[in-house]
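Worksheet for the structure shown next.
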Amino acid sequence: MVTIEVNNRTVEAKPGEMLLSTLRRAGIKVPTMCNIDGLPPSGACRMCVVEVEGRPGLQPSCALPVTEGMKVQTHSPRAVRARKTIVELLLANHPDDCLYCVRNNQCELQNLAGELGVRERRYTGQREEYHLDLSSPSIVRDPAKCILCGKCVRVCAEIQNVASIDFVGRGSHSRVGTAFEQGLNVSSCINCGQCVMICPTGALREKSALKEVFEAILDPERVVVVQHAPAVSVSLAEEFGLRPGTDINGVMVAALRRLGFDRVFDTSFSADLTIMEEASELVDRIKNGGKLPMMTSCSPGWIKFVEQFYPDMIENLSTCKSPQQMLGALIKSLFAEREGIDPSRIFSVSIMPCTAKKFEAGRPEMGRHGIADVDAVLTTRELARMIRLEGIDLQSLTPSEADNPFGQRSTAGKLFGATGGVMEAAVRTAHYLLTGRELAELKVQPIRGMKGVKKAKLKIDGLEIGIAVASGLGNAAELLEEVRAGRQDLHFIEIMTCSGGCVAGGGQPIGADAAAVRARMQALYNIDRSGTLRTSHSNPDIKRVYEEYLGEPLGEKSHHLLHTHYAKREVVG
Amino acid sequence: MMGSGGLVVMDEDTCMVDLAKFFMDFIQRESCGKCIPCREGTRRMLEILERITQARRSETGTGALERFKGVMYLTRLAEVIKDTSLCGLGQTAPNPVLSTLRWFRNEYEEHIFHRRCPAGACRELLHFRIDPDLCKGCTLCAKKCPTQAIMGAPKSPHYIITDKCIGCGTCLEVCRPKAVIVD
Ligand code: SF4
Ligand code: SF4
Ligand code: SF4
Ligand code: SF4
Ligand code: SF4
Ligand code: SF4
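Going down the list, the protein sequences come from chains A and B. When we follow the working numbering, the leftmost residue of the first sequence carries the number 541, and every step to the right adds one. When we follow the working numbering, the leftmost residue of the second sequence carries the number 1389, and every step to the right adds one.
Here it is in C-alpha cells:
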C-alpha cells in the first residue's frame, strides 16, 4: 500500500496504480472525458488535471502513477479553473443545440458545463464546418457535436477490432472520419453502436425509425406487429428511473399495446426456434462431418465482421437466421396465412437492444417476393422515447402477455440476451437431441458472466465437445486466430458483437456502467432460475409450430424460412 | 522568451503584439490536435490577438464586445493552456504572449485602448492624415483612394475620413509633396 495525501486527507493507494483510480475509490470525483475503463489512458481531454505538490503545471490524474507521500489538490481554484476553461473552449466550437439534441439531459459535456458553472460564452471565434453522415442504416454521425475525445475511435479499434473510424486532419482541423471520407455505410463499420454508447455527446446516435413506425400505426390499412428482444425487458426500466436489472416484461408488453401495436410477440420465442435449428445443425455437423467449429449467427455485427475480415471462415457460421429474422419470416408467412392477411399489409417492427439489427433487417436476403421480413427496427432507447411521447405512465399499466401463436417462450430463449446465453440454451437442447435425456444441471456455469472469452469442455455420452464463448469482437478475433492456426478441439463457438452480449448492446440506455450491465445480465439469470419452462425443445408452442407448419428442424420449410447464406464483402478502408 | 529557450533580438520597430501573433499563428498551425487546451485554446488566443490588432471598422456584429472579452481572458486562457497541455508544444505555446504581456504591457495597452501600434507594424491600426500645410490640393490622392476616403476641393487642403480609410497606403505613395502622414 502507498499512502498519499489528497485534499489534506490521507488516502490509501495501490502501488503503481494511476492517481485517477485512487481518487475514484476514495469517492473524489474528478471528471474525465477521454478515459475508458480497462484501456490505457489517452490523456487527450485534460479534464482530470490536479495540482501535485512539487510538480509544475497541472497533472493529468489518469496518467500519473501514485507515489508514496504524494500531495494532491483535486479541486484547487487553479484546477477547477482549468477544467472550466477546457469546457468553455469546447463550447466555443460547439453548436448551441441542446434543445434539439438527442442527448439533451444525457450528455457529459452538458453535465460538465452545468457542474462547473459555465454561465457565459467566454470564448468565441471561428467554428469549423462539418458534414452530417446519414449514410449508415444504423448510426448517424454529427461531427459538429464531436469533442474529439477519441473514445469511439478506440472502442472501434481496440475493443471491436474494426477500426472503421479514425482521426483525420490535424490541429484545429482534426475530425473523426471514415476511410477516404466515404460514408460509414461503405466502410468496415459493423453497426454495433458501441461508439454511440461511449460517446460523451450527441455526435453519435442511432438512425431513428420512429417516424416510419408512427406512420404505420396511424395507417388503418396496416396491421402493425411488434417483437421485442430478450435483453430489452431487463433494460428499459432504467430509462424510467428504475433500478438496473428490473425486469418489466409484462408492463412493457402492455405499453406496446397502448402504443397501438396490433400484436405483440416475444423474440425469445424465436430464440427457442433458433436453438432448435442451431442445435440440430450442430448435431448434424458433428455426426456427418460438417464444417467445425460451428459459429453462432445471431449477432449481425459479428456476421458482417466475418464477411469482411474472415471470409475464409464463412462456412463455419451457422446458416440459421437470427431470432429477429426468424420471427420476422414467420410473421409474414405462418401468421399472415393464419390470419388471412396479405403479407404486404403487415408492418413488422422489432424492438432491439441493438443498432446492427437495423442493418440486418435491411439485408436483401431477409425477405421474400420483394417484401422485407422486418420493416423497422427500434432500439430500447427509441421505445422509451415513444412511451414518453405518448404520455404512457408505466406504473398504471396492468402487465400483459405475448400473443399467440408465438405466446410461450422458454427461459433458455431469454438467456440469449447475455453473452454465453445462446450457448447455454443450445447445449441444453443439443444434449437432449444427442441423448434423449435432459442435462442433469441445466445451468452451465463456466460460460456465464462478463468475461471476454470463456471456454469449456462438455461430456455428452462419451462424446467430448469443446465450446467457447466470446463477446466483443477483439475477443472474437483472438478465438478465430486460434481456429485459423489449427486448433481442433472446439466444436461450437458463440460470438456476441457487444462486450457482455445484448444486455450491453448499442441500442441500450445511455450511461450504463459495468454494474448496470451485470445487473441486467443477472436479471436474465434470475428469470431462468425461477422459470419452469427452461429448455427450447420443451416449449409447447415451438412443438406446435413444427407440427402444424414447419415440419422438422432443418427441413424443407425451415430451410426456406429460417436459414440464410453469407458472402464475402468488400468495404472501403 | 519564445518557449524553446531561443532568444530573439528586436528593436523598437518590432511590435510586440504583432510578434506574439506571429508566434501564435505558427504554434496554432503546429498543434497536432490531440489535447483540447492546445487544439482549441491556441486558435482562440490567436483570434484574440487578431482582434486586438484590428481597426474598429473591421468589427462586425458583436465584434467590439468580443474584442473586449478577449482582452479580459487572454491571460487566463494562456495560463490554462500552459498548465494543462499534453506536450511541450502546448505547454510553451502561450509563452510569447505571457512574456510580452509581462514586459511590454504598455504596447498592448496602446493597441487595446487607443487602437494604436507604436511600432507601426499593425497595418490596420495605422492612422493616415494629411498635413494641411503641405497639401497642394492636387486631388491625386483623392482620385486614387480605393475607398473614396479623401475629401477636399481642388487647390485646397484635403483631408482623410478616418472611418473610411483602410490603410492601404496608396495616398502616401502618390502624394508628391509628402503631405500624407502616418502615425
Ligand atoms: S451534444 Fe450535448 S452539449 Fe452538444 S448540443 Fe447535444 S446535449 Fe447539448
Ligand atoms: S458502430 Fe461499431 S463498428 Fe461502427 S464505427 Fe461504431 S464502434 Fe465502429
Ligand atoms: S464522436 Fe463522440 S466518442 Fe467519438 S471522438 Fe467525438 S465526442 Fe468522442
Ligand atoms: S451482441 Fe446483441 S446488441 Fe450487440 S450486435 Fe449482437 S445482437 Fe446486437
Ligand atoms: S499540446 Fe501537444 S498533444 Fe496537445 S494538441 Fe498540442 S501538440 Fe498535440
Ligand atoms: S491610405 Fe489608402 S484608403 Fe486611406 S486615405 Fe490613403 S489611399 Fe485612401
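Glycine is no exception: its CB is placed at the ideal position from the N, C-alpha and C atoms.
- Its chain contains 582, 584, 585, 689, 690 and 691 as the residues whose beta carbon lies nearer than 7 Å to that of residue 574 of chain A, once the 5 sequence neighbours on both sides are disregarded; these appear in chain order.
- Judged by pairs of C-beta atoms under 8 Å, the segment 897-907 of chain A does not touch the segment 929-941 of chain A, as fewer than three such pairs exist.
- In terms of beta-carbon proximity, residue 1496 of chain B stays away from the interface with chain A, with every pair separated by 9 Å or more.
- Counting only runs that start and end inside the segment 918-966 of chain A, the alpha helix (DSSP H) elements of at least 4 residues fall at 920-929 and 951-954.
- Using a Cβ-Cβ cut-off of 9 Å, residue 705 of chain A does not count as an interface residue toward chain B, since no Cβ of chain B sits closer than that to its own.
- Under the three-state reduction of DSSP, residue 875 of chain A is assigned to helix.
- Excluding residues up to 5 positions away in sequence, 749, 752, 753 and 889 lie with their Cβ nearer than 6 Å to the Cβ of residue 916 of chain A in the same chain.
- In chain order, 1101 place their CB closer than 7 Å to the CB of residue 873 of chain A, counting only its own chain and leaving out the 5 sequence neighbours on each side.
- Around residue 820 of chain A, the same chain offers 1093 and 1094 as residues with beta carbons nearer than 6 Å, after the five sequence neighbours per side are excluded.
- Neighbourhood of ligand 1, defined by CB distance below 5 Å to any of its heavy atoms: A:637, A:638, A:641, A:643, A:644, A:647, A:649, A:650, A:685, A:741 and A:742, in chain order.
- With a cutoff of 9 Å on beta-carbon distance, residue 746 of chain A and residue 680 of chain A are scored as near each other.
- Following the DSSP letters along the chain, one finds residue 806 of chain A inside the beta strand (DSSP E) bounded by residues 803-806.
- Put simply, the backbone Cα of residue 596 of chain A is about 29 Å away from that of residue 664 of chain A.
- DSSP, reduced to helix, strand and coil, places residue 1514 of chain B outside both helices and strands of the structure shown, so it counts as coil.
- The nearest non-hydrogen atom of ligand 2 is less than 8 Å from the C-beta of residue 704 of chain A.
- Here the C-alpha atom of residue 860 of chain A lies approximately 29 Å from the C-alpha atom of residue 1113 of chain A.
- Between the C-alpha atoms of residue 724 of chain A and residue 902 of chain A there is a straight-line separation of about 16 Å.
- Burial of residue 1518 of chain B is indicated by the presence of at least 16 other C-beta atoms within 10 angstroms of its C-beta.
- Per the DSSP secondary-structure output, residue 744 of chain A pairs in a beta bridge with A:681.
- Contact between residue 1515 of chain B and residue 1571 of chain B holds, with the beta-carbon distance rounding to 6 Å and staying under 8 Å.
- Look at the segment 619-660 of chain A and you find these whole runs of alpha helix (DSSP H), each 4 residues long or longer: 648-655.
- Contact annotation for residue 692 of chain A against chain B: no contact, minimum CB-CB distance about 15 Å [criterion: below 7 Å].
- In this structure, residue 1461 of chain B sits near residue 662 of chain A, with a CB-CB distance shorter than 9 Å.
- If you draw a 10 Å sphere on the C-beta of residue 789 of chain A, you find 16 or more other C-beta atoms in it, and that means buried.
- Taking 8 Å as the cut-off, one finds no heavy atom of ligand 5 near enough to the beta carbon of residue 888 of chain A.
- Note on geometry: alpha-carbon atoms of residue 548 of chain A and residue 649 of chain A lie some 29 Å from one another.
- Between the alpha carbons of residue 600 of chain A and residue 592 of chain A lies a distance of about 10 Å.
- In the structure shown, residue 787 of chain A falls within a coil segment according to DSSP collapsed to helix, strand and coil.
- Using a 10 angstroms sphere on the CB of residue 1449 of chain B, the tally of other CB atoms stays under 16, which defines it as exposed.
- The three-state reading of DSSP puts residue 860 of chain A in strand, counting E and B together.
- Look at residue 589 of chain A: its C-beta is under 9 Å from a C-beta on chain B.
- Leaving aside the five residues that flank residue 806 of chain A on each side, the residues in its chain whose CB is nearer than 6 Å to its CB run, in chain order, 942 and 949.
- Leaving aside the five residues that flank residue 1529 of chain B on each side, the residues in its chain whose CB is nearer than 8 Å to its CB run, in chain order, 1518, 1538, 1546, 1558, 1559, 1562, 1563 and 1568.
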